[in-house]
Amino acid sequence: MELGDLRAAKLEEDHSINWVTASVMVIFHVLAVAAFFFFTWKGLFIAAFLWWLSASVGIGMGYHRLLTHRGYKVPRWFEYFLTICATLALEGGPIFWVATHRIHHQYSDREGDPHSPIDGTWWAHMGWILVGKSMHHDTSTLAHYVPDLAKDKFYVWLTKYHYVPLTVLGLTLLAVAGWPVVLWAIFLRTVVGLQTTWLVNSATHSWGTRRYTTRDLSTNSWWVALLTWGEGWHNNHHAHPTSARHGLTWYEVDFNWYGIWLMRKLGIARNVRVADLPVAERQAPEAAEISSRPELVSAPPQVQPDLL
Ligand SMILES: [Zn+2]
Ligand SMILES: [Zn+2]
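Read left to right, the sequence shown gives residues 1203 to 1510 (the working numbering).
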C-alpha cells in the first residue's frame, strides 16, 4: 500500500475511535491517578528507573536515534536489548513506531504527516492514536517503510506482541513487590512516558525556538527536552535527522546523547554521527522565537535526503 492509500484510509476512518487503544489508555490513566493514593518510596524509585530505561534507553536511544535514523551502530544483541526496553513504554512495536516516525519526517507538517498540529494540537498530541486507524495497519503494510526491520523475524514478532515484555514485567512486579509498586512503576510511569513523548509531536511542532529554517514547524524546547531525556531539541533534529546528538551545545541538555556517548566510550556504539552547529553560531548562540509558522504549511514536500 502506498502512502496515498494510507492517507485516503486515514480520511475515511478519521472519525472512528480505536476502542482497543482508547480503552487501554483510559485504564492506564485512571490507574496512574490511583497511584497517588498508594505512595511508596520503593514504587517511586522503581518507576523513575523504568522511566529512564523505557523512555531514554528504549525510545530515545533505541527506537528513535538507532532504529529510525541509524545515527549510530551497535551489535545486534544490544540493538535487541534497546528495542525490548522501548516496548516497555507502550508506544507500539518497532516496525509500527519506526514506520510512523519515518513518514512523519518525510511529510512533516503537511499532508501525509500522521501527527501534525496543523490538524490541531490535540490531534498531534494524542488524537491521532485514539481516533482513526490509518497508522494501525498490519505489520506487512508498515513493512513497506521499514524494509531494514521487516526482514528481521524478531522485530516482526515483537511488533505483533509488543505488549508482552511490559506484561511480564508487570506480573513480576506484582508477585515480588505488590500493587502499589505496580501502580507507580507500570501505570503512572507509562502514562508519564507517553504524555511526555507526545509533547514532541505537539509542543515541539508548535512552541519554542527555531535554530534552523527547516520546511516544517519543528522547534527546540528546553522543557520538553528535560521531560523527554533530550528529544525536545526537535528543530535541531529535523535539520539533522541522522545526528545521534540532538542537543548541540553544552547547555542543550540531552541525556539520550550522554547515553550514546557513554556507549561509544565503552566500545558498544560505533559510527556515531554528530551534527555540527552552524558556523555563525559557534561563537554567539541565538535562536529566533516563534509561536507558529503557518506560511510553511504550504511549502513543497520535504524529503530528507539522508533519512536512513
Ligand atoms: Zn517532528
Ligand atoms: Zn526523528
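All C-beta atoms in this analysis are idealised placements derived from N, C-alpha and C, irrespective of residue type, glycine included.
All values reported here derive from a predicted model rather than from experimental measurement.
The C-beta distance from TYR1357 to PRO1316 rounds to 20 Å, too long to meet the 8 Å contact threshold.
With respect to MET1465, VAL1300 sits apart: the two C-beta atoms are not nearer than 8 Å. Three or more Cβ pairs drawn from the stretch 1252-1266 and the stretch 1380-1394 lie within less than 8 Å of each other, which places the two stretches in contact.
A buried status is given to TYR1309, since no fewer than 16 other beta-carbon atoms sit within 10 Å of its beta-carbon. A distance of 8 Å or more separates the beta carbons of VAL1476 and THR1430. VAL1348 sits buried, since 16 or more C-beta atoms from the chains shown fall within 10 Å of its C-beta. In the three-state reduction of the DSSP assignment, GLY1273 falls in the coil class. Just so you know, the alpha carbons of ARG1272 and VAL1378 end up roughly 37 Å apart.
Screening all residues for a C-beta within a distance smaller than 6 Å of any heavy atom in ligand 1 leaves HIS1306, SER1310, HIS1407, SER1420, HIS1436, HIS1440, in chain order. Apart from sequence neighbours up to five positions away, the residues of its chain that approach ASN1473 with a beta-carbon distance below 8 Å are TYR1274, LYS1275, ordered along the chain. Of the other Cβ atoms in all chains shown, 16 or more fall within 10 Å of the Cβ of LEU1351; this residue is therefore buried.
Ranked by Cα distance from VAL1222, the first of VAL1259, LEU1332, VAL1232, HIS1306 is LEU1332.
Less than 8 Å divides the Cβ of ALA1236 from the Cβ of LEU1385.
Along the length of the stretch 1376-1457, whole beta strand (DSSP E) runs at least 3 residues long occupy 1410-1412, reported in chain order. Between the alpha carbons of GLY1469 and LEU1284 lies a gap of roughly 16 Å. Distances from the alpha-carbon of ALA1234 to those of ILE1388, ALA1471, ASP1456 put ILE1388 closest. In the three-state DSSP reduction, ILE1470 falls in the coil class, being neither helix nor strand. If you ignore the 5 residues before and after TYR1265, its C-beta comes within less than 6 Å of the C-beta of ALA1288, TRP1299, all in its own chain and listed in chain order.
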